[in-house]
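In what follows, a single structure is set out as structure tokens and then discussed.
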Amino acid sequence: MIIAHHMAPPPAERNNRRQWMAAEPGNPSAHVRIGDETPAREDNGRVRRTSRLASVALVAGLAAVATVAGAAAAPAVRHVFVIAMENHDARQIYGNGDEAPFIQSLLADAAHATNFVDELPRLASEPHYIWMEAGTNAFADHTFTTDDRPSASNSTASRDHLVAQVADAPDLDWKAYQEGQTRRAGACPISKHGRYHPKHNPFVFFQDVSGNPPSKDNAYCAEHIRPYSALAADLAADTVASYVFITPDLCNDMHGALGCLGSSVKRGDAWLKRELPALIAWADAHQGAIFLTWDEGDDTQRVPFLAIGPRVKRGYAGDVRYDHGSMVKSVEELLGLPVLPAVAGANDLRDLFEPGTFP
Numbered sequence: 010m011i012i013a014h015h016m017a018p019p020p021a022e023r024n025n026r027r028q029w030m031a032a033e034p035g036n037p038s039a040h041v042r043i044g045d046e047t048p049a050r051e052d053n054g055r056v057r058r059t060s061r062l063a064s065v066a067l068v069a070g071l072a073a074v075a076t077v078a079g080a081a082a083a084p085a086v087r088h089v090f091v092i093a094m095e096n097h098d099a100r101q102i103y104g105n106g107d108e109a110p111f112i113q114s115l116l117a118d119a120a121h122a123t124n125f126v127d128e129l130p131r132l133a134s135e136p137h138y139i140w141m142e143a144g145t146n147a148f149a150d151h152t153f154t155t156d157d158r159p160s161a162s163n164s165t166a167s168r169d170h171l172v173a174q175v176a177d178a179p180d181l182d183w184k185a186y187q188e189g190q191t192r193r194a195g196a197c198p199i200s201k202h203g204r205y206h207p208k209h210n211p212f213v214f215f216q217d218v219s220g221n222p223p224s225k226d227n228a229y230c231a232e233h234i235r236p237y238s239a240l241a242a243d244l245a246a247d248t249v250a251s252y253v254f255i256t257p258d259l260c261n262d263m264h265g266a267l268g269c270l271g272s273s274v275k276r277g278d279a280w281l282k283r284e285l286p287a288l289i290a291w292a293d294a295h296q297g298a299i300f301l302t303w304d305e306g307d308d309t310q311r312v313p314f315l316a317i318g319p320r321v322k323r324g325y326a327g328d329v330r331y332d333h334g335s336m337v338k339s340v341e342e343l344l345g346l347p348v349l350p351a352v353a354g355a356n357d358l359r360d361l362f363e364p365g366t367f368p
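The sequence shown runs 10 to 368 under the working numbering.
What follows is the structure, given as structure tokens:
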């Protein structure tokens with residue numbers, strides 16, 4: 010509120026026994042004269058000045074009200090993290106204290122979904138990851154059905170996907186962190202190498218990220234898709250993007266690969282136990298939400314899904330039907346983005362969160 014300071018009224022006006030209301034924050038009537046009726050002989054100029062003072066005060070008062078309303082509408086979630094695990098049914102994870110004790114411990118503070126379905130039960134991993142990014146695997150120029158590497162014929166020019174929206178928003182940014190990514194996979198990691206596989210990195214299949222054709226030297230891609238080891242420094246420096254996608258390597262995401270020892274579930278659970286506490290602490294301190302998801306099931310169409318963060322319903326099990334389109338829609342809503350047509354009909358994840366979290 011701007012407080013106006015007024016000079017004492019001239020002698021002729023003092024005879025009118027005028028009073029002034031004190032300027033009060035949020036008071037639209039501040040500065041408006043009260044007291045006797047204005048004499049009929051008061052000139053029009055003085056009336057206009059009084060009117061202008063009242064108008065300025067009213068505008069200032071309304072601005073204060075608008076500021077309060079704007080503060081009340083501030084987003085409840087400012088950062089969303091997605092961690093993508095692999096190839097297990099809900100029944101293989103929930104209640105599996107022998108192989109997944111850390112995940113069981115998370116359930117007390119997290120909200121989890123019991124009816125999260127695999128939208129593409131007969132297709133490979135890659136189309137599922139594309140769905141996590143766009144709410145569909147089918148575009149006007151290409152439909153993803155295989156685990157092939159990105160190429161001119163296995164990519165899309167569509168901008169109807171999540172990180173394109175984030176990139177277009179003035180105050181948002183995104184990053185993906187890929188464990189196992191090395192220089193041999195490319196600065197823009199479009200090639201498989203070691204325990205990194207592009208089929209688990211949806212962004213390299215979108216030409217507005219990786220180029221047309223996708224290129225290992227694409228600068229925009231290299232800036233936004235980083236080795237997983239870079240995340241710790243970003244957390245420490247508080248330079249974390251608004252939207253973050255994390256893919257563990259083929260051993261740690263429960264997928265399994267040559268040289269991965271022991272149970273894939275145990276190994277993935279151990280990785281989460283080692284890596285997740287620091288991320289949870291950061292999310293708690295910075296209005297974050299973490300979505301722990303699996304790309305597809307093993308035998309059934311029900312996959313595990315956990316929502317973690319200060320705004321979730323602690324210990325809650327929700328039975329609303331969800332799929333990866335629900336996750337896309339929820340990221341959009343939480344970050345104030347428009348909802349993509351492909352996910353307009355999906356249920357968002359608001360049932361897993363405290364009231365007032367979603368706009």
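The beta carbon of each residue, even a glycine, is placed where N, CA and C say it ideally should be.
Reference residue i, options the options, closest by Cα
i    : options                : result
R323 : I289, A117, P286       : A117
G106 : Q310, R87, K225, K275  : K275
A353 : Y331, L315, F362, V321 : Y331
V126 : H295, E363, N356       : N356
G220 : T256, S167, L240       : S167
T256 : N210, L285, S114, A83  : N210
Q187 : D360, A316, W291, F254 : F254
E128 : V249, A176, V312, D243 : V312
L281 : E95, F215, A83         : E95
D308 : P84, H97, A83          : H97
L244 : A294, H170, H264, S162 : A294
Y252 : D226, I299, C269       : I299
Q310 : A99, L361, A85, V86    : A99
D157 : H121, I234, P84, F214  : F214
Y325 : H170, Y103, A85        : Y103
R283 : I112, L346, A83        : I112
L171 : P159, D182, S164       : D182
Residues bridged to residue i [DSSP beta-bridge criterion]
i    : result
L244 : Partner(s): none; L244 has no beta bridge.
L369 : As displayed, the chain neither begins before 10 nor continues past 368, which places residue 369 out of reach and without an answer.
P236 : Q187
H88  : G297
T256 : Q187
G327 : A122
V321 : F362
T152 : A147
For residue i, three-class secondary structure by DSSP
i    : result
I199 : coil
Y138 : helix
K184 : strand
A147 : strand
Y103 : coil
A166 : coil
A133 : coil
F212 : helix
A228 : helix
F362 : strand
V220 : The amino acid at residue 220 is misidentified as Val; the sequence shows Gly. DSSP places G220 in coil when its eight states are reduced to three.
A290 : helix
A93  : strand
Span separating the alpha-carbon of residue i from that of residue j
i    : j    : result
D247 : M141 : 26 angstroms
D217 : K201 : 20 angstroms
S272 : A178 : 42 angstroms
I289 : P350 : 31 angstroms
V110 : D278 : Note that residue 110 is Pro in the sequence shown, not Val. Taking the straight line from one Cα to the other gives about 7 angstroms.
P136 : A266 : 20 angstroms
H88  : Q296 : 6 angstroms
S134 : Q174 : 24 angstroms
T302 : S335 : 12 angstroms
V91  : R193 : 25 angstroms
A93  : H206 : 13 angstroms
Q101 : S224 : 38 angstroms
A196 : A231 : 5 angstroms
G327 : H333 : 15 angstroms
D304 : W291 : 25 angstroms
D360 : D226 : 42 angstroms
F314 : T123 : 8 angstroms
L132 : A241 : 34 angstroms
E377 : P222 : In the structure displayed, the chain extends from 10 to 368; residue 377 sits before or after that span and is not available.
Burial state of residue i (16 or more Cβ within 10 Å)
i    : result
G365 : exposed
E342 : buried
D262 : buried
Y229 : exposed
G306 : buried
T152 : exposed
S238 : exposed
P368 : exposed
G318 : buried
P286 : exposed
T145 : buried
P130 : exposed
T155 : exposed
G268 : exposed
P347 : exposed
Proximity test, residue i beta-carbon vs the ligand FMN heavy atom, cut-off 7 angstroms
i    : result
R100 : You won't find the ligand FMN in this model; it holds no ligand whatsoever.
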